[in-house]
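Peer 1: Would you mind keeping the following structure in view while I ask a few things?
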Amino acid sequence: MITAGVDVGAKYVKTVLLEDGKNVLTRANGIVGFDVWKSATEVFEKALLNAGLKRDQIAQVVATGMGRKAIQKKPPINPGEIVPEVIADAKGAYHLIPTAKTIIDVGAEEGRGVKVGENGKVKDFVINERCAAGAGTFIETMARALEVGVKDMGPLALKATKAIPMNAQCCVFAESEVVTLIHSKVSKEDIAKAIHDAMAGRIASMVLRLGVEKDVVLIGGMARNPGFLPPLKKELNTEILVPENPEYVGALGAALLALETEGQK
Amino acid sequence: MSEKSREFWRWREYRHTQPDMDWHEAKMVTAGVDIGSVGSKAVVMLDGKLYAYSVMRTGGVSEETAIKVTNWALEGTGLKNENVHYVVGTGYGRVNVPFAKRTITEIACHARGAHYIYGPTVRTVLDIGGQDCKAIRCDEKGKVMSFLMNDKCAAGTGRGLEVFADLIRVSIEEVGKVSLNVTKEPPPVSNTCVIFAKAESVALLRQGWPKEKVAAAYHLAMVNRIIDLLTKVGIEKDFVITGGVAKNIGIASRLETNLGIKPLEPKLDPILAGAIGAALFAKALYEKQIGLR
Numbered sequence: 001m002i003t004a005g006v007d008v009g010a011k012y013v014k015t016v017l018l019e020d021g022k023n024v025l026t027r028a029n030g031i032v033g034f035d036v037w038k039s040a041t042e043v044f045e046k047a048l049l050n051a052g053l054k055r056d057q058i059a060q061v062v063a064t065g066m067g068r069k070a071i072q073k074k075p076p077i078n079p080g081e082i083v084p085e086v087i088a089d090a091k092g093a094y095h096l097i098p099t100a101k102t103i104i105d106v107g108a109e110e111g112r113g114v115k116v117g118e119n120g121k122v123k124d125f126v127i128n129e130r131c132a133a134g135a136g137t138f139i140e141t142m143a144r145a146l147e148v149g150v151k152d153m154g155p156l157a158l159k160a161t162k163a164i165p166m167n168a169q170c171c172v173f174a175e176s177e178v179v180t181l182i183h184s185k186v187s188k189e190d191i192a193k194a195i196h197d198a199m200a201g202r203i204a205s206m207v208l209r210l211g212v213e214k215d216v217v218l219i220g221g222m223a224r225n226p227g228f229l230p231p232l233k234k235e236l237n238t239e240i241l242v243p244e245n246p247e248y249v250g251a252l253g254a255a256l257l258a259l260e261t262e263g264q265k
Numbered sequence: 266m267s268e269k270s271r272e273f274w275r276w277r278e279y280r281h282t283q284p285d286m287d288w289h290e291a292k293m294v295t296a297g298v299d300i301g302s303v304g305s306k307a308v309v310m311l312d313g314k315l316y317a318y319s320v321m322r323t324g325g326v327s328e329e330t331a332i333k334v335t336n337w338a339l340e341g342t343g344l345k346n347e348n349v350h351y352v353v354g355t356g357y358g359r360v361n362v363p364f365a366k367r368t369i370t371e372i373a374c375h376a377r378g379a380h381y382i383y384g385p386t387v388r389t390v391l392d393i394g395g396q397d398c399k400a401i402r403c404d405e406k407g408k409v410m411s412f413l414m415n416d417k418c419a420a421g422t423g424r425g426l427e428v429f430a431d432l433i434r435v436s437i438e439e440v441g442k443v444s445l446n447v448t449k450e451p452p453p454v455s456n457t458c459v460i461f462a463k464a465e466s467v468a469l470l471r472q473g474w475p476k477e478k479v480a481a482a483y484h485l486a487m488v489n490r491i492i493d494l495l496t497k498v499g500i501e502k503d504f505v506i507t508g509g510v511a512k513n514i515g516i517a518s519r520l521e522t523n524l525g526i527k528p529l530e531p532k533l534d535p536i537l538a539g540a541i542g543a544a545l546f547a548k549a550l551y552e553k554q555i556g557l558r
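Chains as they are written, first to last, in the working numbering: chain Y, 1 to 265; chain V, 266 to 558.
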């Protein structure tokens, strides 16, 4: 049986097509445009095309992500169910790393911490969806201030020679602080490190409210950023596991939930 | 400057001297220098009365700005630095006023300055600056009783308004007026964070909302946030607004409507409150120094 998970994020749509809850047939993603439904549909159809499948061959679809309501009850995706991100995150991460107890998901506009119980069920969670300084947008905004590509930010931070503090906690204020640091001749590498350190500090303090239990797993787009992992490990004082394709974990979880939904029929 | 590269956040810098006053007749010449995160203000007072002032944008180096803004306030008056008996520094960059004998927090200075500008009936001072927002309760002498401050988040500060003015390409001095150009108040922008609120505003503009309506939604969200702060500290009449954002009619009028309390009309430029407070503290400190107190 083939199921699909569609994760309609703030910035990207991610889709996973899954066979029998085991084999990932294909993954596809695309940027979320003005019309969220259209962006999600395009990504979904790209995935079908990749796998050489048609919509009616997908037994069940579950959607998640902050834009999930834009595709609810709308063909062609017409998901059988929509679920909050934390549920999909827990399911997907537990499937990939069964020892996972704490999941940290940092996306473009939200940061989440999830405590996972038996069989990938959510025990508790914390979310920041109100402040850009605790999400990927922070790194993106700072990259613009530094005039560096967003993908170069992490590698740049790893080349830093000094640890300098950032005082601003707000994305808007941090932008001005970065400009001030540039003017006072601090190297871009050191500034990039300061940016990642500050962000890791904020995510860590959010997750610490939840309590950290091993194994800790980092997912979401920020898990791709090599500059973010070292300060986060340091702040939480623990090893952190990152699965392959960390940005697809929510979509994978949704596809697994789709199989469960279908099995209950 | 071309329309495209115009900086909509940039406001006019200015200075003023009271024409009917003569510093030669003054016993005490004191100055207050308020180095804010966005704007810097210097005032010169003669025996505790406002004589000259200047307002300019804070530059990259606070020390330089402190010297520039003070020199500008003195410009044309014939006063020299050495004629000023006592200088107090305040504001975010107060430690960087090289010629200040003392520094005093902007909270104390704003309460004291509001007392001077609006009179002894002031009990609640709302100061909305470039990078912070403070709600201050004070007594009949202008002494601080309690306060609450947001200096962590750009939402509800002048900087948040600057970002928005740039987005809709309306001058920061006009954006408040523009926001009132609606027949009915729209629902407020739902995001608190300036970054997210900006993205939400873009989406509203794309949906075809006129910029006046988006401006109204943005101002309203900001006002709601400021009211949260005011409610926490407790609001008692008389109520006044100081700081640069006090000049934004879109904020001031919505505060009045939604609080149901009319703020007192300022008799002087409300951006000067902090610097005036500092200059008054300077006078008191100088009196103490020469044994008058």
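Each residue gets a CB set at the ideal place from its N, CA and C atoms; glycine is no exception.
1) Measure the Cβ-Cβ separation of Met321 of chain V and Ser305 of chain V and say whether it is below 8 Å.
2) For Val459 of chain V versus Gly509 of chain V, is the C-beta spacing smaller than 8 Å?
3) Which residues of chain V have a Cβ atom closer than 7 Å to the Cβ of Thr41 of chain Y, listed in chain order?
4) What does Ile460 of chain V reach in chain Y if we use C-beta pairs closer than 7 Å?
5) Quick test of your reading: Val349 of chain V and Val298 of chain V, contact by CB under 8 Å. State the CB separation rounded to the nearest angstrom.
6) With DSSP collapsed to three states, give me the class of Cys131 of chain Y.
7) Between Val428 of chain V and chain Y, is the shortest Cβ-Cβ distance under 8 Å, so that the two count as touching?
8) Is there a Cβ from chain V that is less than 8 Å from the Cβ of His183 of chain Y?
9) Would you say Lys417 of chain V faces chain Y, with C-beta separation under 8 Å as the test?
10) Whole angstroms is fine: what's the gap from Gly5 of chain Y's alpha carbon to Gly120 of chain Y's?
11) Beta carbons nearer than 8 Å to chain V: which residues of the stretch 82 to 115 of chain Y have them?
12) Return the bridge partner residues of Arg322 of chain V from the DSSP annotation.
13) Give me the residue from Y:Thr15, Y:Ala100 and Y:Asp197 with the minimum Cα distance to Gly134 of chain Y.
14) Buried or exposed: where does Ala544 of chain V fall if 16 or more other Cβ atoms within 10 Å of its Cβ makes it buried?
15) Flag this pair as yes or no: are the beta carbons of Ala547 of chain V and Tyr351 of chain V separated by less than 8 Å?
16) Out of Y:Val212, Y:Thr64, Y:Leu49 and Y:Thr137, state which residue places its alpha-carbon closest to the alpha-carbon of Cys171 of chain Y.
17) To the nearest angstrom, report how far apart Asp20 of chain Y and Glu118 of chain Y are at their CA atoms.
18) When the cut-off is 8 Å and only beta carbons count, does Thr355 of chain V lie next to chain Y?
19) Hey, Lys115 of chain Y and Leu210 of chain Y: beta-carbon distance below 8 Å or not?
20) Tell me, to the nearest whole angstrom, how far the beta carbon of Arg490 of chain V is from that of Thr522 of chain V; I am working on the premise that it is less than 8 Å.
21) Assign Glu290 of chain V to one of two classes, buried (16 or more other C-beta atoms within 10 Å of its C-beta) or exposed (fewer than that).
22) Please list the residues of the stretch 33 to 66 of chain Y that have a C-beta atom closer than 7 Å to any C-beta atom in chain V, keeping them in chain order.
23) Quick check: what's the CA-CA separation for Met166 of chain Y versus Ile182 of chain Y?
24) Leaving aside the five residues before and after Gly149 of chain Y along the sequence, list all residues of the same chain whose C-beta is less than 7 Å from its C-beta, in chain order.
25) To the nearest whole angstrom, what separates the beta carbons of Leu344 of chain V and Val309 of chain V, a pair I think is in contact under 8 Å?
26) If contacts are defined as beta-carbon pairs under 8 Å, then Val106 of chain Y and Ile203 of chain Y qualify, I think. What distance do you get, rounded to the angstrom?
27) By the criterion of Cβ-Cβ separation under 8 Å, what are the contact partners of Thr457 of chain V in chain Y?
28) Between Ile437 of chain V and Glu427 of chain V, is the Cβ-Cβ spacing less than 8 Å?
29) Would you check if the distance between the CB atom of Val593 of chain V and the CB atom of Ala481 of chain V is smaller than 8 Å?
30) Can you look up Lys54 of chain Y in the DSSP assignment and give me helix, strand or coil?
31) So, does the CB of His289 of chain V fall closer than 8 Å to a CB anywhere in chain Y?
32) Check whether the Cβ atoms of Ile393 of chain V and Gly358 of chain V sit closer than 8 Å, and answer yes or no.
33) Give the list of continuous alpha helix (DSSP H) stretches no shorter than 4 residues that lie fully inside the stretch 502 to 541 of chain V.
34) Kindly say whether Gly425 of chain V, judged by its beta-carbon, lies nearer than 8 Å to any beta-carbon of chain Y.
35) At a Cβ threshold of 8 Å, is Gly325 of chain V touching chain Y?
36) So what's Ala100 of chain Y in DSSP terms, helix, strand or just coil?
Peer 2: For this structure:
1) yes
2) no
3) Simply none; closest approach about 19 Å.
4) Ala132, Thr137, Thr141, Cys171 and Val172
5) Between Val298 of chain V and Val349 of chain V the Cβ distance is about 10 Å, and since that is not below 8 Å, they are no contact.
6) coil
7) Interface criterion met: the Cβ of Val428 of chain V is under 8 Å from a Cβ in chain Y.
8) yes
9) Interface residue, yes.
10) 16 Å
11) Across the stretch 82 to 115 of chain Y, CB contacts with chain V closer than 8 Å involve Glu109, in sequence order along the chain.
12) DSSP lists V:Gly304 as the beta-bridge partner residues of Arg322 of chain V.
13) Y:Asp197
14) buried
15) yes
16) Scanning Y:Val212, Y:Thr64, Y:Leu49 and Y:Thr137 for the CA closest to the CA of Cys171 of chain Y turns up Y:Thr137.
17) 21 Å
18) no
19) yes
20) Between Thr522 of chain V and Arg490 of chain V the Cβ distance is about 16 Å, and since that is not below 8 Å, they are no contact.
21) Classification for Glu290 of chain V: exposed.
22) Phe34
23) Rounded to whole angstroms, Met166 of chain Y to Ile182 of chain Y spans 13 Å at the Cα level.
24) Ala143
25) Between the beta-carbon of Leu344 of chain V and that of Val309 of chain V there is about 7 Å, and that keeps the pair under the 8 Å contact cut.
26) 6 Å
27) Arg130 and Cys131
28) Yes, the Cβ-Cβ distance between Ile437 of chain V and Glu427 of chain V is below 8 Å.
29) Outside the shown range of chain V, which is 266 to 558, sits residue 593 of chain V, and nothing can be said about it.
30) coil
31) Not one beta carbon of chain Y lies nearer than 8 Å to the beta carbon of His289 of chain V.
32) no
33) Within the stretch 502 to 541 of chain V, the complete alpha helix (DSSP H) runs of at least 4 residues are 514 to 524.
34) Yes, Gly425 of chain V lies at the interface with chain Y (some Cβ there is under 8 Å from its Cβ).
35) It does; some Cβ of chain Y falls within 8 Å.
36) coil
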